[in-house]
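To start, the structure under review is shown below, and the notes come after it.
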Amino acid sequence: MDFFAQAAPPTFWNAPPGSGEFITKLVVSFVLGFALIFLLLKLPAQARRPIVVTVTFLAGLFYVLQWLWPQPVGREPGTLPRDGVEHVSFWIDDAVSVFGTISNVLSAFLLGLGVYSILRIHVRKLAKMQQDWLFSGVLLVSMLVMILFGFYDWHVRTFDPKAAEILLTPAGMPLPNKIFDLLFEGLLQQMDAAMFSIIAFYILSAAYRAFRIRSVEATILLATALIVMLSLMGAVEFLWNSGVNSAASNDPNSVIQNFGITNISKWIQDTFQNSSLRAIDFGIGIGALAMGLRLWLSLERGGVSS
Amino acid sequence: MLAELSSWRGQQYLDTGWFGVVFVLVLVAFILANIRRAKSGKDMYIRRIAGLNAIDEAIGRSTEMGRPVLMVPGLGQLNAISMQALNIFAYVARTAARFANPIRVCCGDAAVYTVAQEIIRDTYQQEGLIDRYDIDSVRFISDRQFAFAAGVSGTILREKTAACFFMGEFFAESLIFAETANSVGAIQVASSTQITQTPFFIAACDYVLIGDEFYAASAYLTRQPVLVGSLIGQDWCKLFVMASIFVGVLGTSIQMRPFSGVTVTEEKSKGNFKTIPARSMKVADAFFPQLLAPQTDPELTKIKRDPDPDAPKKAAPAGGG
Chain H
10 MDFFAQAAPP TFWNAPPGSG EFITKLVVSF VLGFALIFLL LKLPAQARRP IVVTVTFLAG
70 LFYVLQWLWP QPVGREPGTL PRDGVEHVSF WIDDAVSVFG TISNVLSAFL LGLGVYSILR
130 IHVRKLAKMQ QDWLFSGVLL VSMLVMILFG FYDWHVRTFD PKAAEILLTP AGMPLPNKIF
190 DLLFEGLLQQ MDAAMFSIIA FYILSAAYRA FRIRSVEATI LLATALIVML SLMGAVEFLW
250 NSGVNSAASN DPNSVIQNFG ITNISKWIQD TFQNSSLRAI DFGIGIGALA MGLRLWLSLE
310 RGGVSS
Chain U
-3 MLAELSSWRG QQYLDTGWFG VVFVLVLVAF ILANIRRAKS GKDMYIRRIA GLNAIDEAIG
57 RSTEMGRPVL MVPGLGQLNA ISMQALNIFA YVARTAARFA NPIRVCCGDA AVYTVAQEII
117 RDTYQQEGLI DRYDIDSVRF ISDRQFAFAA GVSGTILREK TAACFFMGEF FAESLIFAET
177 ANSVGAIQVA SSTQITQTPF FIAACDYVLI GDEFYAASAY LTRQPVLVGS LIGQDWCKLF
237 VMASIFVGVL GTSIQMRPFS GVTVTEEKSK GNFKTIPARS MKVADAFFPQ LLAPQTDPEL
297 TKIKRDPDPD APKKAAPAGG G
């Protein structure tokens, strides 16, 4: 299995598998990465800040450059840049996926910390027989069993040449794969679906509270919501629109046609709903831009966490 | 001639693509200019935001009841949204620490969990109350949506949280959280950058920060000049966007002359104008809509470049081996 097949086509960021260049780049990356971590650990907290600020700025600068620097027009694989500007744009173009992968690698490390947090809380609860320790026991056993059978299943699917054949039907599956199938498809997926279906009942209770007539605003909300909901009911829509059509003497160009329930509902959605949502969208977008700028330029010195 | 397209004419600047870039740069300039103004000591006004005033009320209530304060930064990954949520939670944790209130921070992303743990611990340390910090108060629940929903709901029900703060990126689980918290009588302050979830929060929670109020929170709570300046800059940006919309609508209306009508004999297609039989003008033919919808002439992408002698004969499949 060639783990480094992604190293083609060659760019600044990779090298042919097994080559000296590949080994050199791998070693240099490891050394630089560990040196940076070691340095950060050894430095006093105050001295870490310039390093964090610099790394944050450089990481952000890359994406700013990717956005501002002329992106290569009509780039074909296996072609050379025409000049210095294109050298830079090709380099950025190639580096995008590499930069994206760095965050995935960091996330993978941090997932270990998350799992450690779960284990620490629940093992302690179990060991000290604290309140609801039984649930912690169920969680830990479920986690262990899922990991074991999950890895077995992954191993069979990845390395067994007959995987497609033996995993086709439950009858032909080896016992560990059957157990994994039961745990994942039979339990986890079903429990996910059960949680999702609970939302339907929650919508009912939340809607009841929201639509209670307490103020002018709540009354307007109730009236508009009622119209939109009625427009989605086939029978009501048919009867209402038929009545409007008769009143308009079946003339599709009559002004009265505007009072059809689908037209009123569409008007509410197009005029009020969409414009309000777009306004909120603009606000969120601009807020995210400002927040991103503050983080990139480290202007948010500590923020509220200082 | 087409092959001579300058390398400075990047893909994003072709046709009217430059407009979007320039527009965003103007917004950036507004924000940075206002941060500079605020830093120079200029007094700036921020309007009252009810949802943020409710934070102290919610913490006070949980102190009286002796029950924990729950904070959930959503299911999103570590990004500007979750960082803003954690900034708000730092303020909540600081106030809770002063009143010796227990807190629970439930995270659905391992990276957010790690940063949340650091921020909350720092907050307690800065208050000189590190002895009150419980390492298990910040928890990673699960990165699977409904397992996370079940975990947080379980925490709310078992610990009978008195105040709940849901801020960040929420999806279908938002209503599960809000209704579960409501069932235990918790006061809830929520905000989601996901527009589809905001109505659910409005229906089920006591206070909701809508849209950019979420980003205004840290400025409102701390009144730091940089944050206040940035917030005023955002307001300038919104005014600019509103003015642009007004100019666009007015300009397009004038160009289309709705009462007399305009006939066009050419239309823009793939970045070029071509002659067509006379027809009534559509909105897409007007100047402003075309400014916002850049098109690329396919001929422009045919650029002759030298082949790379080091390139492999056949590229590896996508996703590697």
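Keeping their order, the protein sequence lines are chains H and U.
For the first sequence, the numbering used here assigns the number 10 to the initial residue and increments by one for each residue that follows.
For the second sequence, the numbering used here assigns the number -3 to the initial residue and increments by one for each residue that follows.
Note that beta-carbon positions come from the ideal geometry of N, C-alpha and C, so glycine has one too.
Opening and closing residue of the alpha helix (DSSP H) in which residue i lies
{"i": "U:Glu262", "result": "U:Glu262 -> not in any alpha helix (DSSP H); beta strand (DSSP E) instead, spanning Thr259 to Ser265."}
{"i": "U:Gln8", "result": "Note, U:Gln8: premise wrong, no alpha helix (DSSP H); not H, not E."}
{"i": "H:Ala317", "result": "Summary: the structure shown does not reach residue 317 of chain H, with chain H confined to residues 10 through 315, and so no result is reported for it."}
{"i": "U:Ile183", "result": "Premise fails: U:Ile183 lies in the beta strand (DSSP E), Ile183 to Ser188, not in any alpha helix (DSSP H)."}
{"i": "H:Tyr72", "result": "Ala54 to Leu77"}
{"i": "H:Met155", "result": "Trp142 to Phe168"}
{"i": "H:Pro86", "result": "Note, H:Pro86: premise wrong, no alpha helix (DSSP H); not H, not E."}
{"i": "H:Trp22", "result": "Neither: H:Trp22 is in no alpha helix (DSSP H) and is coded neither H nor E."}
{"i": "H:Ala45", "result": "Looking at the sequence shown, residue 45 of chain H is not Ala but Leu. Gly29 to Lys51 is the span of the alpha helix (DSSP H), which, as asked, contains H:Leu45."}
{"i": "U:Glu295", "result": "Counting along the chain, U:Glu295 falls outside any alpha helix (DSSP H), and DSSP gives it neither H nor E."}
{"i": "H:Lys134", "result": "Gly93 to Ala136"}
{"i": "H:Ser214", "result": "Gln198 to Phe220"}
{"i": "U:Pro64", "result": "First-last for U:Pro64: undefined, no H or E at that position."}
{"i": "H:Phe247", "result": "Gly243 to Ala256"}
{"i": "H:Lys275", "result": "Ile270 to Trp276"}
{"i": "H:Asn186", "result": "Leu184 to Asp190"}
Residue i: first and last residue of the uninterrupted beta strand (DSSP E) it sits in
{"i": "U:Lys35", "result": "Element bounds for U:Lys35: not the beta strand (DSSP E) but the alpha helix (DSSP H), Gly13 to Lys35."}
Buried/exposed call for residue i, threshold 16 Cβ in 10 Å
{"i": "H:Val313", "result": "In this prediction, H:Val313 scores a pLDDT of 41, lower than 50, which makes its location untrustworthy; the coordinate-derived value is nonetheless stated afterwards. Buried."}
{"i": "U:Val245", "result": "exposed"}
{"i": "H:Lys171", "result": "exposed"}
{"i": "U:Met67", "result": "buried"}
{"i": "H:Trp2", "result": "Because chain H is modelled from 10 through 315, residue 2 of chain H falls outside the range shown and cannot be assessed."}
{"i": "U:Arg63", "result": "buried"}
{"i": "H:Ser315", "result": "Bear in mind that the predicted position of H:Ser315 carries a pLDDT of just 46, short of 50, making it too unreliable to give a figure here."}
{"i": "H:Met204", "result": "buried"}
{"i": "U:Val134", "result": "buried"}
{"i": "U:Ala159", "result": "buried"}
{"i": "U:Gly316", "result": "Annotation note: pLDDT 49 at U:Gly316 (below 50); position unreliable, no value reported."}
{"i": "U:Ile250", "result": "exposed"}
{"i": "U:Gly207", "result": "buried"}
{"i": "U:Asp52", "result": "exposed"}
{"i": "U:Asp202", "result": "buried"}
{"i": "H:Glu174", "result": "exposed"}
{"i": "U:Ile27", "result": "buried"}
{"i": "H:Met10", "result": "Only weak support is given to the placement of H:Met10: the predicted model assigns it a pLDDT of 46, under 50, and the question is left unresolved by the model."}
{"i": "U:Asp302", "result": "exposed"}
{"i": "H:Phe189", "result": "buried"}
{"i": "U:Phe161", "result": "buried"}
Beta-carbon proximity check, residue i vs residue j, cutoff 8 Å
{"i": "H:Leu128", "j": "U:Thr110", "result": "no"}
{"i": "U:Gln291", "j": "U:Gly267", "result": "yes"}
{"i": "H:Leu239", "j": "H:Ile270", "result": "yes"}
{"i": "H:Ser145", "j": "H:Lys137", "result": "no"}
{"i": "H:Pro179", "j": "H:Phe158", "result": "no"}
{"i": "U:Val108", "j": "U:Val88", "result": "no"}
{"i": "U:Thr119", "j": "U:Arg100", "result": "no"}
{"i": "U:Gln184", "j": "U:Phe166", "result": "no"}
{"i": "U:Leu48", "j": "U:Leu217", "result": "yes"}
{"i": "H:Phe21", "j": "H:Trp100", "result": "yes"}
{"i": "U:Leu223", "j": "U:Ser214", "result": "yes"}
{"i": "H:Gln75", "j": "H:Val105", "result": "yes"}
{"i": "H:Phe66", "j": "H:Trp305", "result": "yes"}
{"i": "H:Ser274", "j": "H:Ile212", "result": "no"}
{"i": "U:Thr271", "j": "U:Thr259", "result": "no"}
7 Å CB neighbourhood of residue i in its chain, flanking five on each side removed
{"i": "U:Arg33", "result": "Gly225"}
{"i": "U:Lys264", "result": "Gln286 and Gln291"}
{"i": "U:Leu171", "result": "Phe196 and Ala200"}
{"i": "U:Ser138", "result": "Gly104, Phe144 and Gly147"}
{"i": "H:Pro155", "result": "Checking the sequence, you will find Met at residue 155 of chain H rather than Pro. Hits under 7 Å: Leu192."}
{"i": "H:Glu95", "result": "Pro81"}
{"i": "U:Thr59", "result": "Phe95 and Asn97"}
Sequence-distant residues of its chain with Cβ nearer than 8 Å to residue i (five each side left out)
{"i": "H:Lys187", "result": "Pro179"}
{"i": "H:Ala219", "result": "Ala227 and Leu230"}
Proximal residues to residue i (C-beta, below 6 Å), its chain only, five neighbours per side dropped
{"i": "H:Arg84", "result": "none"}
{"i": "U:Ile115", "result": "Leu82 and Ala86"}
Residue i beta carbon near the ligand FMN (any heavy atom closer than 7 Å)
{"i": "U:Ile42", "result": "Among the components modelled here there is no ligand, and therefore nothing to report on the ligand FMN."}
* List in chain order: all unbroken beta strand (DSSP E) runs of 3+ residues lying wholly within the stretch 134 to 170 of chain U. => 134 to 136 and 159 to 165
* Can you give, in chain order, each stretch of the beta strand (DSSP E) that sits fully within the stretch 70 to 126 of chain U and has at least 3 residues? -> 99 to 103
* To do: Scan the stretch 206 to 289 of chain U and note each continuous beta strand (DSSP E) run of 3 residues or more that stays entirely inside, going in chain order.
  => 259 to 265 and 268 to 276
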